[in-house]
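Number of protein chains: 4
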Amino acid sequence: MSTGYFGDIKPVRYEGPDSTNPLAYRHYNADEVVLGKRLEDHLRFAVAYWHTFAWPGGDPFGGQTFERPWFGETMEHAKLKADVAFELFSLLGVPYYCFHDADVRPEGATFAESAKRLDEIADHFEGKMAKTGVKLLWGTANLFSNRRFMSGAATNPDPDVFAYAAATVKHCIDVTKRLKGENYVLWGGREGYETLLNTDMGRELDQLGRFLNLVVDYKHKIGFTGTILIEPKPQEPTKHQYDYDVATVYGFLRKYGLEKEVKVNIEQGHAILAGHSFEHELATANALGIFGSIDMNRNDYQSGWDTDQFPNNVPEMALAYYQVLLGGGFKTGGTNFDAKLRRQSLDPEDLLVAHVGGMDACARGLKAAAKMIEDKALSAPLDARYAGWNSTEAKAMLSGERSLEQIAARVAADGIEPQPKSGRQEYLENVVNRYV
Amino acid sequence: MSTGYFGDIKPVRYEGPDSTNPLAYRHYNADEVVLGKRLEDHLRFAVAYWHTFAWPGGDPFGGQTFERPWFGETMEHAKLKADVAFELFSLLGVPYYCFHDADVRPEGATFAESAKRLDEIADHFEGKMAKTGVKLLWGTANLFSNRRFMSGAATNPDPDVFAYAAATVKHCIDVTKRLKGENYVLWGGREGYETLLNTDMGRELDQLGRFLNLVVDYKHKIGFTGTILIEPKPQEPTKHQYDYDVATVYGFLRKYGLEKEVKVNIEQGHAILAGHSFEHELATANALGIFGSIDMNRNDYQSGWDTDQFPNNVPEMALAYYQVLLGGGFKTGGTNFDAKLRRQSLDPEDLLVAHVGGMDACARGLKAAAKMIEDKALSAPLDARYAGWNSTEAKAMLSGERSLEQIAARVAADGIEPQPKSGRQEYLENVVNRYV
Amino acid sequence: MSTGYFGDIKPVRYEGPDSTNPLAYRHYNADEVVLGKRLEDHLRFAVAYWHTFAWPGGDPFGGQTFERPWFGETMEHAKLKADVAFELFSLLGVPYYCFHDADVRPEGATFAESAKRLDEIADHFEGKMAKTGVKLLWGTANLFSNRRFMSGAATNPDPDVFAYAAATVKHCIDVTKRLKGENYVLWGGREGYETLLNTDMGRELDQLGRFLNLVVDYKHKIGFTGTILIEPKPQEPTKHQYDYDVATVYGFLRKYGLEKEVKVNIEQGHAILAGHSFEHELATANALGIFGSIDMNRNDYQSGWDTDQFPNNVPEMALAYYQVLLGGGFKTGGTNFDAKLRRQSLDPEDLLVAHVGGMDACARGLKAAAKMIEDKALSAPLDARYAGWNSTEAKAMLSGERSLEQIAARVAADGIEPQPKSGRQEYLENVVNRYV
Amino acid sequence: MSTGYFGDIKPVRYEGPDSTNPLAYRHYNADEVVLGKRLEDHLRFAVAYWHTFAWPGGDPFGGQTFERPWFGETMEHAKLKADVAFELFSLLGVPYYCFHDADVRPEGATFAESAKRLDEIADHFEGKMAKTGVKLLWGTANLFSNRRFMSGAATNPDPDVFAYAAATVKHCIDVTKRLKGENYVLWGGREGYETLLNTDMGRELDQLGRFLNLVVDYKHKIGFTGTILIEPKPQEPTKHQYDYDVATVYGFLRKYGLEKEVKVNIEQGHAILAGHSFEHELATANALGIFGSIDMNRNDYQSGWDTDQFPNNVPEMALAYYQVLLGGGFKTGGTNFDAKLRRQSLDPEDLLVAHVGGMDACARGLKAAAKMIEDKALSAPLDARYAGWNSTEAKAMLSGERSLEQIAARVAADGIEPQPKSGRQEYLENVVNRYV
Ligand SMILES: [Co+2]
Ligand SMILES: [Co+2]
Ligand SMILES: [Co+2]
Ligand SMILES: [Co+2]
Ligand SMILES: [Co+2]
Ligand SMILES: [Co+2]
Ligand SMILES: [Co+2]
Ligand SMILES: [Co+2]
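Chain order of the listed sequences is A, B, C and D. Quick note: the first sequence uses full-length UniProt numbering, first residue 1, plus one each step. Quick note: the second sequence uses full-length UniProt numbering, first residue 1, plus one each step. Quick note: the third sequence uses full-length UniProt numbering, first residue 1, plus one each step. Quick note: the fourth sequence uses full-length UniProt numbering, first residue 1, plus one each step.
This is the structure in structure tokens:
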């Protein structure tokens with residue numbers, strides 16, 4: 001029985017590029033096969049519970065704009081919210097969703113009550129998931145909104161907060177496992193500092209390293225086979241967050257012996273905030289062997305905070321999915337829309353329209369990327385550019401069979417005077433524009 | 001015999017805070033003892049040859065503004081430059097200088113000729129150093145200005161450029177060793193990319209890792225006891241540089257097994273470009289155990305490129321030296337002014353005035369930092385803030401003696417509900433303002 | 001009768017630079033005379049009601065951290081808030097405060113009820129002001145928090161919102177006049193756009209121009225003698241705000257014939273967000289003749305949003321007050337702390353400490369600026385730099401008595417080949433460092 | 001007779017979207033009619049002489065990478081450069097070019113010699129233009145590269161520099177008029193400041209206002225009918241430039257009585273540097289009535305300086321041309337590529353490929369924009385959004401027929417309580433994605 005929230009809106013169907021129906025897909029045809037795989041299996045779309053169902057539309061200078069019948073602090077509200085959520089998942093035909101504990105149940109008076117409520121909602125979810133076939137891409141714990149976490153969760157100066165956070169994550173992993181979640185995500189929104197004047201960075205990094213090791217040990221102990229993912233973000237809410245970007249997370253994982261256990265969930269908006277492009281962060285994760293999943297939501301380049309908008313720039317998305325495909329595509333990861341409506345987008349239809357547009361843009365981007373790969377449009381010139389490294393002597397240098405003196409001696413002996421060759425950037429950019 | 005370039009300017013002396021003589025130190029008294037060490041031994045000032053003697057005053061929209069008698073491409077010019085340089089070092093009373101190969105000798109027609117010229121200048125330097133007592137803080141190779149390096153040095157798609165760069169660094173380390181340099185620096189101005197479309201990041205990182213290993217092996221082989229330093233910078237000249245910031249360099253060193261061999265030379269301006277404060281980068285290096293040296297020149301916060309200005313904001317510098325002192329102070333490192341005059345500062349006197357102001361500001365900053373340490377002004381509140389971690393149970397959590405389930409069980413059993421405590425940021429900022 | 005909120009804290013006194021009492025002034029001695037005026041009369045400090053009393057400590061990723069007994073939606077809460085506010089004003093010894101309607105009274109169910117509540121609080125304020133001698137620097141209307149303003153107030157696509165906003169401002173000006181406010185401020189937090197796709201910029205600018213003309217006409221009609229001030233801010237909350245920066249506001253005022261009627265309230269944080277330094281915005285306002293007042297709160301240079309921190313960098317503040325003094329000092333304006341505690345600064349004492357530190361830093365900055373003016377430390381070199389413009393021919397060029405051809409003819413006739421002179425930036429920066 | 005520089009490359013032809021020929025147009029069909037006008041007449045493409053023929057490929061950390069046979073300081077070199085330039089214009093089939101005096105002739109030993117050389121090149125250009133039909137979109141003077149301008153041209157503290165700049169501009173306008181240039185551009189690369197410590201901003205603005213008035217007077221006197229254009233840029237090379245952005249230029253023009261005489265040449269890259277989107281600057285110019293022309297070259301969003309890259313993001317360009325078309329399209333203005341090759345793009349073919357890709361992307365953008373206009377895809381929802389303002393009472397408010405009190409009285413009388421409506425941003429973004 002429908003909640004009626006979306007009125008008489010019908011499930012969104014693929015109608016092809018010429019459709020002008022705002023509630024149809026023009027590019028996302030779930031069953032279309034690209035590079036030997038269905039689009040649905042490539043893209044593995046997920047809806048984010050928090051922005052789409054829990055966010056009231058506030059910003060730092062204004063309060064709630066959205067009026068949702070499920071806003072309220074009771075379990076009835078929480079269940080209504082779940083009902084509407086699964087209706088949206090089904091209308092869109094997305095295979096996955098993601099949630100924080102705090103998104104789906106009202107906070108209880110005690111830890112125990114909060115946990116009990118989460119379990120009760122998990123029961124409710126299980127029924128919904130069975131009926132709709134929608135799956136859980138990842139679960140996560142909100143360790144940043146409650147004032148108890150204001151000075152950090154794992155990195156708090158108070159060990160009781162560390163313990164409280166640990167207990168919270170344990171329970172959220174339990175629930176994620178029960179719901180067959182394919183990943184578990186940690187975003188350290190408060191794991192960082194506001195001022196170094198009151199912060200012992202070395203100690204806090206050790207706390208965070210310990211925390212993550214506890215999580216990984218627990219995962220193995222209970223047989224949770226999903227991937228543990230860290231979501232890097234440089235700042236906001238804190239002035240500085242320890243999981244700054246992909247490269248920083250990699251160093252952190254190495255320091256605490258976790259580089260084989262943990263991967264990254266990369267968000268376009270967070271890449272931008274860290275001064276990188278999205279494809280940079282994806283390429284870095286590929287190079288370092290820690291690519292996991294993506295949050296496909298964009299930031300406004302002119303705003304210095306996380307605007308979490310639905311993606312829409314197809315050329316940028318093509319370059320992002322090109323990196324995803326170069327890395328072999330998603331394994332347990334997927335394309336999560338960690339995106340919120342603009343706070344002026346008040347209508348139920350806006351919720352659907354936003355996802356439809358985002359999914360369509362992703363589908364176009366992925367298809368363009370796949371075609372570039374099939375055509376070797378970029379890889380053929382790339383191979384040619386590095387071809388010199390295939391020589392015996394070059395291989396020997398790279399593998400460590402030559403010392404600095406040996407190389408220097410060869411430069412002198414052969415009178416090596418390298419001549420630069422064109423990098424052809426404009427040509428390659430034009431090539432990409434053939435595909436997008 | 002003087003070149004006469006600085007006219008009748010006398011050596012710069014310490015005259016105390018009330019002096020209005022622009023060519024006197026008001027705060028830098030080399031022999032003043034702070035925390036048991038002379039200021040000169042704390043600060044270990046170095047003048048950068050390139051900006052101060054080789055830079056012609058150009059910018060992307062304008063050419064040379066400085067008219068120096070030593071500008072020219074002959075060895076006579078190079079020696080005149082050296083003579084004036086050592087006059088400036090002596091007038092200032094700085095203990096150190098730093099240089100790139102390209103700063104001190106004209107490029108030759110071949111590698112061999114360039115090397116021979118460098119050797120000849122090194123002879124000249126040896127004489128000057130013996131006479132003046134000025135020492136070499138570090139040497140380095142310019143692997144970024146010549147067009148052969150336009151697509152990278154170690155990370156070039158052409159292995160011949162890798163080889164050429166290797167030969168260059170070998171020779172520069174030889175010269176640095178001969179001149180008793182206390183460090184050798186690598187700044188990877190072209191080790192990065194302009195576009196991912198023509199770049200294989202994983203391969204280029206491997207090239208860079210191999211290159212650095214070659215350098216470290218060579219250092220040990222020839223018994224060079226100075227420190228190998230990487231200078232992080234996020235971008236400029238390339239769109240993205242691999243040595244982005246301290247945390248990124250740390251991950252890179254771990255990946256290539258070099259975290260015990262290589263340290264970082266941190267520049268304030270580069271910290272800013274990477275979205276960090278200078279003290280953040282210093283604290284990070286301390287936390288990760290790779291702090292080496294500093295380039296104490298500031299960037300304009302409103303300009304998105306490296307403005308390399310002389311430092312002058314004492315409160316910022318106090319926080320920077322506070323981190324340096326927390327890490328135990330400089331070992332082989334020092335305070336290099338990688339700073340250039342504004343291109344409108346045409347006069348010989350401007351060269352002196354800029355260094356005097358920078359050195360004075362550093363001295364004020366360091367003395368303020370030292371006093372805060374003596375007074376435990378920040379460390380006492382810090383210890384109190386983390387005091388909870390001294391309990392037996394907290395220590396057990398941090399050391400790994402408790403599992404996630406054990407911690408969760410304790411939260412449940414004890415009904416832990418942490419209460420937040422004030423972070424007192426404004427109080428601590430006011431405390432700092434007592435010292436600066 | 002005290003509310004007891006601040007316990008037994010005594011009024012903050014001036015104790016001189018050597019005091020280590022966190023609740024004493026070290027530099028702000030209200031009666032100290034500088035450039036012929038008392039410090040209190042120079043600085044004209046005001047406390048901002050909103051951040052200090054109404055802000056709950058939330059951020060985009062977390063809720064309330066502050067627990068204040070006056071948080072609540074009743075008039076009793078509002079009066080308790082006022083009582084504590086005036087206690088803080090008196091403990092600090094500040095001469096002024098500022099408020100929005102929404103800060104001081106709970107929103108009513110209707111416009112009329114909201115207005116009645118504001119009037120009732122104004123009565124309460126009148127009593128408090130009479131008793132304490134604290135005055136109103138400026139009043140303002142909150143036209144950005146309520147969802148009715150989500151798409152703009154004056155610039156809303158719905159003319160009813162324009163009307164509602166007009167009625168609100170009318171009432172707030174009435175109250176400001178009654179309370180003898182010395183200025184009335186308009187900050188257009190929603191006067192801008194999220195996307196040009198749904199925005200008619202030309203029309204919205206016309207709406208805003210009309211609105212401001214209505215306000216100015218009304219001011220004159222009722223005999224309100226305070227200054228009307230616009231507070232520029234480039235963005236946040238909206239993607240783009242029409243009152244971007246001082247220069248943009250100037251153009252807007254010219255377009256709508258208001259450049260003699262309206263001045264600017266310049267906030268350091270907003271200057272930074274617009275890519276300017278604070279002193280730039282102040283100098284611009286002086287050059288354009290529209291300087292009014294300041295919001296003396298800083299932004300973090302590494303954060304892309306308005307962090308509204310208490311000021312603490314004395315060198316920066318000296319440069320800011322130097323511009324204020326160059327412009328003749330405040331007339332009706334003053335130094336408002338549009339600053340909020342960090343959300344981790346939970347204690348009542350933090351409220352006091354933050355203001356004390358800010359006021360002290362302002363006092364140091366102003367005194368340094370005053371001394372530079374007395375010594376002509378910067379103005380003498382400046383006059384020398386432009387001295388060439390005192391020649392007869394130069395004056396004739398500038399006043400328009402020479403045509404382009406005449407000037408060109410003189411260049412040819414005299415063979416003019418200008419020789420550049422040093423701009424001496426480092427020297428001048430060192431001079432400033434003598435004072436701060 | 002061909003210089004042979006471009007080998008046997010044939011003129012670039014339109015081959016349609018399926019072409020994979022890198023030297024064919026896929027979208028730019030000059031004769032295609034859109035909105036009643038040929039594409040060539042809509043887009044009015046121009047090649048920039050400086051980047052394409054004069055720039056050696058240097059950056060702040062590296063020297064020349066390009067090796068062009070015309071690099072050199074003789075008039076023979078200058079003429080060879082011109083010959084190759086007109087070959088490129090013809091191969092591309094662009095209707096226009098633009099130049100600075102300094103791009104086209106070597107600087108002479110005196111003003112007179114420089115002028116004579118420019119005249120000689122202008123003769124050469126006249127012949128080329130007659131033969132090829134290529135026209136001059138605009139001329140301009142380089143008042144920023146020579147060291148005499150290091151502290152400003154019109155805003156220099158030395159009135160002799162003002163005079164020298166005035167003479168230079170006079171001559172460049174004469175030449176532009178002779179070559180039938182359709183506009184004359186002023187970009188104030190040195191009209192700004194490095195530090196306020198040595199700058200009198202009010203005086204310098206007056207100097208700049210006088211300078212521009214001299215130019216406008218001269219234009220009328222000699223009957224030059226082209227448009228005078230200012231090119232806004234916020235900074236770089238100077239820390240702050242007075243022509244910061246479109247809104248700032250508007251205020252400046254109003255202050256000096258020039259808002260009807262001067263328009264703006266808007267560059268995408270400069271918009272970005274000022275914290276705006278390109279379409280924002282275009283919409284602002286339309287709203288303020290000063291739109292003139294565009295420099296269609298993009299900046300890298302992750303680089304804080306002017307990267308001047310060829311445009312390639314079609315969705316962004318569609319939004320830009322949408323604003324151009326909304327403003328009625330170009331009058332005397334056009335689409336100038338103020339874009340430079342990446343310095344690694346060494347080959348002659350790269351010069352062609354870059355322009356071909358840029359022109360194609362512009363054509364796609366313009367065609368998408370035109371189609372959106374034809375379909376009223378955005379304008380119909382926009383009209384609906386503001387429809388409330390068509391009511392009698394709303395019009396009366398906007399026209400000034402209602403006072404603040406009257407409006408307030410109506411709010412009270414009618415009990416106006418506005419209800420917000422969805423802004424539909426995601427819907428509109430999806431609509432745009434149908435076209436790009
Ligand atoms: Co985000
Ligand atoms: Co995310
Ligand atoms: Co630098
Ligand atoms: Co450096
Ligand atoms: Co603010
Ligand atoms: Co403010
Ligand atoms: Co540009
Ligand atoms: Co331009």
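Glycine residues also receive a C-beta, built at the ideal position from the N, C-alpha and C atoms.
- For B/T335, the closest C-alpha among the options B/D119, B/L137 and B/L80 is that of B/L137.
- The beta carbon of B/L253 sits closer than 6 Å to those of E259 and V262, all from its chain and outside the five residues before and after it, given in chain order.
- Straight through space, the alpha carbons of B/V324 and B/I294 are spaced by roughly 9 Å.
- With contacts defined as CB atoms closer than 8 Å, B/N265 and B/V134 fail to qualify as a contacting pair.
- Judged by the Cβ position, B/E40 fails to qualify as a neighbour of ligand 6 at the 7 Å threshold, every heavy atom of the ligand being at least this far.
- Residue burial annotation: D/H280 is buried, with at least 16 other C-beta atoms found within 10 angstroms of its C-beta.
- Taking the Cβ of A/D414 as the reference point, every heavy atom of ligand 2 lies at 7 Å or farther away.
- Residue contact check for A/R342 against chain D: a CB pair falls below 8 Å.
- The beta carbon of A/L179 sits closer than 8 Å to those of A122, F125, E126, M129, L136 and G139, all from its chain and outside the five residues before and after it, given in chain order.
- Excluding sequence positions up to five before and after D/I416, its CB lies within less than 8 Å of the CB of R410, all in the same chain and listed in chain order.
- The C-beta separation of D/A115 from D/D338 comes to about 25 Å, leaving the pair out of contact by the 8 Å criterion.
- The beta-carbon separation of A/K233 and A/E194, rounded to 15 Å, does not stay under the 8 Å limit for a contact.
- When DSSP states are grouped into helix, strand and coil, D/D59 belongs to the strand group.
- Identification of chain C residues near B/S345 by a Cβ-Cβ cut-off of 7 Å yields S422, G423, R424, Q425 and E426, ordered along the chain.
- Close to chain A, meaning a Cβ-Cβ distance shorter than 7 Å, are the following residues of the region 55-69 of chain C: D59, P60, F61, G62, G63, Q64 and T65.
- Interface criterion not met: the Cβ of B/R38 is under 8 Å from no Cβ in chain D.
- The DSSP-derived three-state label of C/T284 is helix.
- When DSSP states are grouped into helix, strand and coil, D/F337 belongs to the strand group.
- The DSSP-derived three-state label of B/A154 is coil.
- At a beta-carbon threshold of 8 Å, the residues of chain C lying near D/A412 are F111, A112 and A167, ordered along the chain.
- Within a 10 Å sphere around the beta-carbon of B/P159 sit 16 or more other beta-carbons, which makes this residue buried.
- The beta carbons of C/S90 and C/P11 sit about 7 Å from each other, so the pair counts as a contact at 8 Å.
- Sixteen is the threshold: since fewer than 16 other Cβ atoms of the shown chains lie within 10 Å of the Cβ of D/E374, the residue is exposed.
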